[in-house]
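Going by UniProt numbering, 187 is the number at position 187 of the sequence shown; the sequence numbering is gapless.
Backbone N, C-alpha and C define an ideal beta-carbon position, used for all residues, glycine too.
Computed from a prediction, not measured in an experiment: that's the story for all the values here.
The structure under discussion appears below in the form of structure tokens.
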Amino acid sequence: MATAARTFTRALPRASSSLRYSSRSPVAKQFFQNARRGYATESSSSTSSSTKYVWAAGAGFVAFAGGYLLSNYNTEQPHKVENPSILKQIPEIHLKKGSGDQALGIFTPSAEDYQKVYNAIAKQLWEKDDYDDGSYGPVLLRLAWHASGTYDAETKTGGSNGATMRFAPEGDHGANAGLRHARDFLEPVKNAFPWISYSDLWTLGGVCAVQEMQGPSIPWRPGRQDRDEAFCTPDGRLPDASKSHDHIRAIFGRMGFNDQEMVALSGAHALGRCHTDRSGFDGPWTFSPTVMTNDYYKLLMEEKWGWRSWGGPKQYQDVKSKSLMMLPTDMALIEDNKFRESVQKYADSNEKFFEDFSNVVMKLFELGVPFKSEEGDRLKLKTFDEQGLGQ
Ligand code: HEM
């Protein structure tokens with residue numbers, strides 16, 4: 001049963017984000033409202049069995065006609081089709097004319113194909129707004145970060161290449177609790193675009209989440225390959241929220257980040273919330289957890305924070321409204337002088353935060369990936385608004 005305080009916290013972000021959405025994203029919002037209206041007459045279990053057959057036949061045809069190389073295609077999860085709306089997004093077959101690929105029937109995805117995958121994720125993000133504070137965006141970003149943040153620069157193990165969180169033991173690591181919601185969310189997209197690796201899909205999901213939640217554009221490139229459970233990383237590579245600045249430097253230093261980058265990455269906590277049934281912590285960091293802003297830094301610097309008195313793990317709450325939270329690792333960013341300088345910089349300038357966040361998230365998602373492409377080959381995927389979709 002939701003408490004009054006929790007109801008208040010949940011209502012505020014919704015109000016605040018919907019206001020921002022309606023002022024900044026009228027086109028996309030209209031599109032999804034129309035799309036939702038289209039589904040109003042469908043049963044809640046959504047996909048009739050006949051539709052499922054059409055889906056299966058469509059997906060099968062694409063796989064056959066394209067002669068896909070399915071070496072990256074993982075079959076350990078049941079591939080049920082949940083969202084008929086993305087049928088339209090199944091890519092056309094593009095074989096490079098006159099190339100060896102064409103002779104072999106190998107499908108070489110183009111930038112347009114990745115934009116189609118992006119659009120399928122974005123469309124679901126906007127349609128499935130009955131989750132948490134109204135968006136799967138935050139948990140998608142968390143999935144991409146936890147897939148990437150296992151990287152160890154010394155041994156060159158871990159990182160987003162592999163998507164090994166699909167398997168035990170990594171999927172069962174305490175730090176990854178709740179990320180099944182994000183993995184399941186992306187499964188229909190994987191079904192519609194079986195040529196994309198899970199590793200590319202998860203990081204693309206993170207990019208899409210940030211951009212559709214009005215964050216900065218994040219350049220992204222494909223090239224990750226899925227690996228099996230033998231490549232699962234050991235437990236303990238992701239940060240422990242109950243610790244302090246030394247721990248933050250040890251964990252992110254292992255990945256190859258400097259102090260400023262650690263603070264810029266932490267700004268992701270403008271988004272989403274903690275869940276008692278996942279991490280044990282509770283509540284959102286900001287009043288607009290589905291809109292990317294520099295509010296996390298502003299609140300850290302400007303609000304008074306005290307320990308919350310409750311039965312859960314030690315966490316801070318804002319003294320004034322008692323509805324926002326900070327983890328011990330969040331507070332460590334203002335307790336440490338060097339970290340604090342960057343917190344102040346980002347509290348003062350949303351523009352600077354967006355610029356640095358874009359660079360550091362791009363770096364995070366590329367850790368340990370054996371790209372064959374060049375840095376200049378990165379794609380700038382367009383948001384729904386930028387594409388004028390729904391007009
Ligand atoms: C010291 C570093 C960090 C610690 C200790 C930490 C810890 C946590 C914890 C405990 C949660 C709550 C999970 C839950 O109960 O659902 C959380 C959520 C989240 N974290 Fe972090 N995190 C860190 C860094 C990052 C970074 C680098 C990113 C992304 C770049 C990130 C993105 C997120 C997001 C978006 C959520 C919200 C997820 C949701 O709403 O479901 N975090 N984090």
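Beta-carbon contacts of Q344 that lie in its chain and below 8 angstroms, excluding the five residues immediately before and after: Taking the first residue of the sequence shown as 1, we reach residue 344 at position 344. So the list reads Y297, M301, once near-sequence residues are dropped.
Which of helix, strand or coil DSSP assigns to M362: By one-based count along the sequence shown, residue 362 stands at place 362. Helix at M362.
Give the DSSP bridge partners of T157, in chain order. Position 157 of the sequence shown, counting from 1, holds the residue named residue 157. For T157, which the question treats as bridged, DSSP gives the partners D152.
Cβ atoms of H275 and W285: under 7 angstroms apart, would you say? In the sequence shown, the residue the question calls residue 285 occupies position 285. In the sequence shown, the residue the question calls residue 275 occupies position 275. Cβ atoms of W285 and H275: not closer than 7 angstroms.
Report yes if the C-beta distance between Y118 and L381 is below 7 angstroms; otherwise report no. Locating residue 118 in the sequence shown gives position 118, counting from the first residue. Locating residue 381 in the sequence shown gives position 381, counting from the first residue. In contact: Y118 and L381 (Cβ atoms closer than 7 angstroms).
Three-way DSSP call (helix, strand, coil) for P370 in this model: Looking up residue 370 in the sequence shown gives position 370. Coil, per DSSP.
What is the DSSP secondary structure of A28, reduced to helix, strand or coil? Taking the sequence shown and counting its residues from 1, the one referred to as residue 28 is at position 28. Since pLDDT at A28 reaches only 46, below the 50 mark, its modelled position is unreliable, and the value read off the structure follows with that caveat. Helix, per DSSP.
Hey, D172 and Y198: beta-carbon distance below 7 angstroms or not? As a working mapping, residue 172 is identified with position 172 in the sequence shown. As a working mapping, residue 198 is identified with position 198 in the sequence shown. No; because the gap between Cβ atoms is not below 7 angstroms, this pair is not in contact.
So, with DSSP's three-state summary, where would you put M325? As a working mapping, residue 325 is identified with position 325 in the sequence shown. M325: strand per DSSP, three-state reduction.
Run through the segment 105-189 for me and flag every whole beta strand (DSSP E) of 3 or more residues, listed as ranges in chain order. none
Quick one: is V319 buried, meaning 16 or more other Cβ sit within 10 Å of its Cβ, or exposed? Locating residue 319 in the sequence shown gives position 319, counting from the first residue. Counting Cβ neighbours within 10 Å, V319 comes out exposed, since fewer than 16 surround it.
7 angstroms Cβ shell around N350 - same chain, five flanking residues per side excluded: On the sequence shown, residue 350 is found 350 positions in, with the first residue counted as 1. The residues are T293, N294.
Buried or exposed (CB count within 10 angstroms, at least 16 for buried), K116: Along the sequence shown, one-based indexing puts residue 116 at 116. Buried: at least 16 other Cβ atoms inside 10 Å.
Can you find a heavy atom of the ligand HEM that lies under 6 angstroms from the Cβ of T329? In the sequence shown, the residue the question calls residue 329 occupies position 329. Within the cutoff, so yes.
Helix, strand or coil for W305? Go by DSSP, reduced to three states. The residue given as residue 305 occupies position 305 in the sequence shown. W305: strand per DSSP, three-state reduction.
Cβ-based burial, T155 [other Cβ within 10 Å; buried from 16]: If you number the sequence shown from 1, residue 155 lands on position 155. Result: exposed.
Between the C-alpha atoms of Q214 and A122, what's the straight-line distance to the nearest angstrom? Numbered from 1 along the sequence shown, position 214 holds the residue referred to as residue 214. Numbered from 1 along the sequence shown, position 122 holds the residue referred to as residue 122. Their Cα atoms are separated by approximately 12 angstroms.
Under 6 angstroms Cβ to Cβ from Y151, same chain only, skipping five residues before and after it: list those, please. Counting from one through the sequence shown, the residue named residue 151 turns up at place 151. Contacts found: G158, G159, M255, L367, G368.
Cβ-Cβ distance between R224 and N176 below 7 angstroms: Position 224 of the sequence shown, counting from 1, holds the residue named residue 224. Position 176 of the sequence shown, counting from 1, holds the residue named residue 176. No, they are not a contact pair.
Selected residue, minimal CA-CA separation from L125, among G178, W305, G205: Your numbering for residue 125 matches position 125 in the sequence shown. Taking only the C-alpha atoms, the option nearest L125 is G205.
Is A241 close to the ligand HEM? I mean its beta-carbon at under 6 angstroms from any heavy atom of the ligand. Taking the first residue of the sequence shown as 1, we reach residue 241 at position 241. Within the cutoff, so yes.
Apart from the five residues on each side of it in sequence, which residues of its chain come closer than 8 angstroms, Cβ to Cβ, to P216? Residue mapping note: residue 216 aligns to position 216 of the sequence shown, counting from 1. If we look at P216 and ignore the five residues flanking it on each side, its Cβ neighbours are V210, M292, F354, E355, F357, S358.
For the beta strand (DSSP E) that Q317 lies in, which residues bound it at each end? Within the sequence shown, numbered from 1, the residue matching residue 317 stands at position 317. Q317 -> beta strand (DSSP E) spans 316-318.
Top-ranked residue by Cα proximity to S373, from R221, H146, F107, G178: Residue numbering aside, residue 373 sits at position 373 when the sequence shown is read from its first letter. The shortest C-alpha separation from S373 is found at R221.
Reducing DSSP to helix, strand and coil, say where L238 ends up. Start at 1 with the first residue of the sequence shown, and residue 238 comes out as number 238. In this structure, L238 counts as coil in the three-state DSSP scheme.
Going by beta carbon distance, what residues of the same chain come within less than 8 angstroms of T41, once the five residues before and after it are set aside? Here residue 41 corresponds to residue number 41 of the sequence shown, with the count starting at 1. In this predicted model, T41 has a pLDDT of only 28, less than 50, meaning its place in the structure is not dependable enough to derive any value.
Which two residues bound the contiguous alpha helix (DSSP H) that contains G206? On the sequence shown, residue 206 is found 206 positions in, with the first residue counted as 1. That run of the alpha helix (DSSP H) goes 198-212.
Between R254 and the ligand HEM, is the CB less than 6 angstroms from at least one heavy atom? On the sequence shown, residue 254 is found 254 positions in, with the first residue counted as 1. No, the beta carbon of R254 sits no closer than 6 angstroms to any heavy atom of the ligand HEM.
Give the DSSP-derived three-state secondary structure of R249 in the structure shown. Along the sequence shown, one-based indexing puts residue 249 at 249. Reduced to three states, the DSSP call for R249 is helix.
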